Amino acid sequence: MYASAPNDYLTANAHHLPFGNVLCLGDIEGRDGVWLAEQGWQVTAVDISPVGLTKARDLEVQRGLPADKFVTVVADLADYERRLRRHPRRVQRDRPDPPQRLRHQLRVFPEFG
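To get the working numbering, take the position in the sequence shown, counting from 1, and add 1352.
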């Protein structure tokens, strides 16, 4: 299990995100998404690992979040383009994506290009 504390970079910079819906890509065990939900965002956490997202839901319950504040989706991001369009704000995990995945995400989110 990873640490349950959110990423330091996220906590230092979250004040730049407007409130509303936020998409956490590669949220693994939910530490960033759960923290964002605690701060008031509506979070959709996406990861390819059902085991990791089960741990994320456990963390959500431990923290006493309402179920509608933190939603998990098991998905391969390469196949998730259609649903990504609904989220104007997103949070990326610690390390940058390979160039081809980044190009794909910029097609999905042209406003970030």
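Backbone N, C-alpha and C fix where the C-beta goes; we use that ideal spot for every residue, glycine too. Because the structure is a prediction, the values reported are computed rather than measured.
N1365 - containing alpha helix (DSSP H), residue span: D1360 to N1365
Taking DSSP's pairing of strands, which residues face T1396 in a bridge? L1375 and V1423
Is it buried or exposed for A1364, if we count other Cβ within 10 angstroms and need 16 for buried? exposed
State the CB to CB distance for the pair L1411 and E1390, rounded to an integer number of angstroms; the pair is presumed to be in contact (CB under 8 Å). Not confirmed; about 10 Å, so no contact.
In the DSSP assignment, find the unbroken alpha helix (DSSP H) run with A1408 in it and report its ends. P1402 to Q1414
First through last residue of the alpha helix (DSSP H) which encompasses E1390: R1383 to Q1391
Out of P1370, P1418 and R1409, point me to the one whose CA is closest to V1426's CA. R1409
Taking all protein chains shown into account, decide if D1379 is buried (16 or more other Cβ within 10 angstroms of its Cβ) or exposed. buried
Buried or exposed for D1446, please, with buried defined as at least 16 other CB atoms from any protein chain shown within 10 angstroms of its CB. The predicted model places D1446 with a pLDDT of 44, which falls under 50 and marks its position as unreliable; any figure quoted below should be read in that light. Counting Cβ neighbours within 10 Å, D1446 comes out exposed, since fewer than 16 surround it.
Coarse secondary structure for L1417, derived from DSSP in three states: coil
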